[in-house]
Amino acid sequence: MRGASSSATPWHSREPDEVLAELAASEQGLSGEQVAERLARHGENRLPAPPRSGPLRRFLRQFHNVLIYVLLAAALGTALLQHWVDTGVILGVVVINAIVGFLQEGKAEQALEAIRGMLSPKALVLRDGQRRTVPAEQLVPGDLVFLQAGDRVPADLRLLRCHNLRLDEAMLTGESVAVDKQIDAVDADADLGDRRGMAFSGTLVAFGQGRGVVVGTGAATEIGRISTLLGEVETLTTPLLREIATFGRWLSGAIVVLAGMTFAFGYWGRHYDLLETFLAAVSLAVAAIPEGLPAIMTITLAIGVQRMAVRNAIIRRLPAVETLGSVTTICTDKTGTLTRNEMTVKTLLTAEESYEVSGVGYAPHGGIHHAGEEVALEQHPVLAEALRAILLCNDAELQRRDGGWHLEGDPTEGALVVAGLKAGLDAREVARHYPRDDVIPFESLYKFMVTLHHHHEGGQRLLFLKGAPERVLAVCDRERTRDGDRPLDRPRWEQRMDAIAARGQRLLAVALKPMDEERRTLAFPDVEAGGLTLVAVCGIIDPPREEAIAAVRQCQQAGIVVKMITGDHAVTARAIADELGIRTAGGVVPGHVLEPLSDGELEALVREVDVFARATPEHKLRLVRALQAGGQVVAMTGDGVNDAPALKRADVGVAMGIKGSEAAREAAAMVLADDNFASIAHAVEEGRTVYDNLRKAILYILPTSGGEALTIMAAVLLGMTLPLLPAQVLWVNMVTAVTLSLALAFEPAEPGVMRRRPRDPGAPILSGFLVWRAGFVSLLLLAGTFGHFLWMERQGVEIELARTVAINALVMGEIAYLFNSRYILEPAWNRAGLLGSRAVLFAVGGLVVLQALFTYSAPLQLLFGTAPLGVKEWASILAFGVILFALVELEKALFRRRGRGAPRV
Ligand code: ATP
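Under full-length UniProt numbering, the first residue of the sequence shown is numbered 1, with each subsequent residue one higher.
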């Protein structure tokens, strides 16, 4: 099937009118009913989901892990010896672990999928004669779609109009050079790459603008036919997780060797019974292997990603979660990220007059005032001409919907439309009188927009230029006055513009030039040739976001430098930076100053300067490089198609979800759902928390495994009766490893998380401190377990009772240490530390029930050889828990004192 067409002639070899007729579409777009009917017929514009591995496969994958292999080998060994209880419990450990891993991984994947869904693309369409942004999935054959630089083409389109439209079709054709598009029909048998009149779904608009009619959606698109491209599924891993997985493999190897040595020592050195020694060695291995570790790492990561999404930071590449925690510099755009992007024209300057505009936002309430009086346009011809120009050189549309005013298009242009309405000019009406012939759309690279118009009654053809004042003034040699044109008084304009920019207003100049009557198209030389007349300059306010001011302060407290890289004027940039608390003491440097600098000079400059104005995407790329060369870990925001290289280069590229182009989003590691700077600060906080929680999980799991293993080794080395039977060790492992440590994945951020300095990205997670803490707590657990066992033995009680007391002491020690582990160095001896985590309290509650069953229920007593305890024993066990907790708190206090200020452990 060829898209919606049933006829044999392919779309690309038919003329646009013919295609529109065949699809029963018009230049006004489809109506609501047509869309509904076609959606029902053709289905949503979505590609079939890539095949996922079935649940059984995913469950079996949980066993694919060296740690588990060792455990399975141990189970086989005990089975051969017909020690069924041990076999059962080892398999229990393995299966429970796999179930937890399976369920949590499933949840994590679902969460990631939901997050990916939040990034689903949108399309700008014309329906019922109005422009509308709709989810790309809702497109149907016959829809009219607008394309502009940075968009991903949302469906297969037959192009109807093109303005310098160039598409990157590499994903379909493998050709990396962007292809020029046009609207003429080509041969029916032309190759995909030669079908110039088509824009294929999934390709990227590299440059220009265009409009096309949808001819194929979903599986009926060219990309839909190439199913192999769709298999891309991100794995749940990051460099850090891989590091830990490698560590896990080494650790298992070491443990197996250690268990072998223990066996050799016990059997040949102490002449124990072969069977007993083997079981001791097996339980040592099982106890020491941190089998819960991989699952907990993944879960912690997934929870972090989910929390970030709740706070509007959508992670596209998982490693960014870690990198965020070590970001030292955030380079951010100004407009829309630090400011509200609700633009209002406040000032209008003509050569002779200065006007104030009242009212805020997009509601056209207010008026234009001159010397305190509302003006009538007839008496202010230059103002009237300026407003007409800014309405014509404009693509925004203001719509009245649901009782409010909504803007479709660029906010800067929207503000101009509103200013026109305030003076009584309707953009549509003006456009009807001066139809547009051609356009060069705005790009932050050159910072202006140009349009060509003619009067509807013929004759007079005009070029309008609107853009950054320096760019516009550079090509003007005259200025418009009430009595005709006169030579441009540049110094005077600059002085007047600086005055309004210093109030934080962004500036936009507008100029015009008469053109030959036969001109139908525009090109850059038309502007570059100069000879334009400056008509007016607008001052537009865009107030800073309150939450951005707070977030900038928060980042600064967290040791992160916030730099503003804006396309705006230097004076405006300084005024806004001052309001936001971004440092301007180092000066405000315009982008062009960077150009002649060598890399070394630039590196020195970026250390001093925090505000860059009139910057282009290329400047951004150089700035990221210079910052990275100076050892900074950089997060960089961007929205346009040209920002993609800087976003890719940054350690964390951050794209805007609302105003960002598809190209920027795809290049970024993180997308802000609300375009708000504050969300970056939140993501950093969550990134730091995830890293903390990964460390906490490791800091918890290693000593608990270590304590169990040391207890067994000590018994064998000392030639004593085993204080813990293999099956009992396994029980402890089963009930603690997968319950207690899991609770740490849910830990909220520590209170001081945004008051410490960024983490050194080079520092290994498995630090000297970690080894110390693991050793220290392992020894405390050994002392408690072994101590209780000896104490019981000395009283001459039955061995079963002595062991049960030892086991419960071990579990109590692990519970106590879980509370310690909620904060790595901060004190846990307070209300928040003891009662602040529901997850911890639930895990402990569950464990108390399990231990009660283990100790008092007859079947488990039979299975594990346990005996009931009395009050005296429980009191002693509880005391041990309290002592262990206190000792670890003491250790933390000592470390805090040693590393006061910045505990780098
Ligand atoms: P930031 O880079 O911080 O988001 P910005 O949005 O002001 O700042 P650009 O969008 O590159 O940066 O705009 C730079 C300048 O180009 C503006 O100060 C303004 O003078 C001009 N400009 C912005 N939008 C338009 C537009 N739609 N048409 C013409 N000129 C524009």
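Glycine included, each C-beta is placed from N, C-alpha and C at the ideal position.
Keep in mind the model is a prediction, meaning the values are calculated, not measured.
Excluding residues up to 5 positions away in sequence, R803, I807, F864 lie with their Cβ nearer than 7 Å to the Cβ of Q728 in the same chain. A direct Cα-to-Cα measurement between T481 and E352 gives close to 7 Å. For T566, the Cβ falls inside the 6 Å cut-off from some heavy atom of the ligand ATP.
The count of Cβ pairs closer than 8 Å, one atom from the stretch 316 to 332 and one from the stretch 518 to 528, stays below three, leaving the stretches out of contact. When only Cα atoms are considered, A774 and G752 end up about 24 Å apart.
Contact check for P544 against T339 passes: the beta carbons are separated by less than 7 Å. Between A511 and T533, the gap from beta carbon to beta carbon is short of 7 Å. Cβ-Cβ separation between A673 and G657: approximately 5 Å, consistent with a contact (criterion under 8 Å).
Contact between M670 and I315 holds, with the beta-carbon distance rounding to 6 Å and staying under 8 Å.
Under the three-state reduction of DSSP output, A136 falls in the helix class. Residue environment for W11: buried (at least 16 other C-beta atoms within 10 angstroms of its C-beta). By a beta-carbon distance limit of 8 Å, A536 contacts A386. Their separation comes to about 3 Å. Between G881 and M812, the C-beta gap is smaller than 7 Å, which places the two residues in contact. Checking the 6 Å criterion, the Cβ of K696 is out of range of every heavy atom belonging to the ligand ATP. S741 is a Cβ neighbour of G292, given a cutoff of 7 Å. For T412, the shortest separation between its Cβ and any heavy atom of the ligand ATP lies below 6 Å. Runs of the alpha helix (DSSP H) lying entirely within the stretch 612 to 679, each at least 4 residues long, are 617 to 629, 644 to 649, 662 to 667 in chain order. Secondary structure at T347: strand, using DSSP grouped into helix, strand and coil.
Cβ-Cβ distances below 8 Å link E397 to Q130, R131, L407, E408, G409, V417, A427 in the same chain, with the five nearest sequence neighbours on each side left out; the list follows chain order.
F464 is positioned such that its CB atom lies closer than 7 Å to that of C393.
The count of Cβ pairs closer than 8 Å, one atom from the stretch 137 to 149 and one from the stretch 39 to 50, reaches three, so the stretches are in contact.
DSSP links Q110 through a beta bridge to no other residue. Relative to the ligand ATP, G467 has its C-beta within less than 6 Å of a heavy atom. Restricting attention to S252, S767, Y446, T344, the CA atom closest to the CA of E528 is found in Y446.
A contact is defined here as three or more CB-CB pairs under 8 Å, and the stretch 13 to 26 meets this definition with respect to the stretch 203 to 215. Pairwise C-beta distances place the stretch 502 to 509 out of contact with the stretch 285 to 304, as fewer than three of them are shorter than 8 Å.
For Q495, the secondary structure class from DSSP, reduced to helix, strand or coil, is helix. At a cut-off of 6 Å, the beta-carbon of T584 does not count as near the ligand ATP: no heavy atom of the ligand is closer than that.
7 Å or more divides the Cβ of T221 from the Cβ of L167. For E457, there are no CB contacts under 8 Å within the same chain when 5 residues up- and downstream are skipped.
When DSSP reads this structure, T866 sits in no beta bridge, so it has no partner. Of all alpha-carbon atoms in I560, R496, L862, the one lying nearest the alpha-carbon of L627 is that of I560. In this structure, the C-beta of L508 approaches the ligand ATP to less than 6 Å from one of its heavy atoms. Under the rule that a run must span 3 or more residues, the beta strand (DSSP E) segments found entirely inside the stretch 171 to 237 read 204 to 216.
In the three-state reduction of the DSSP assignment, P544 falls in the strand class, which pools E and B.
A distance criterion of 6 Å places the beta-carbon of D333 in contact range of the ligand ATP, judged by its closest non-hydrogen atom.
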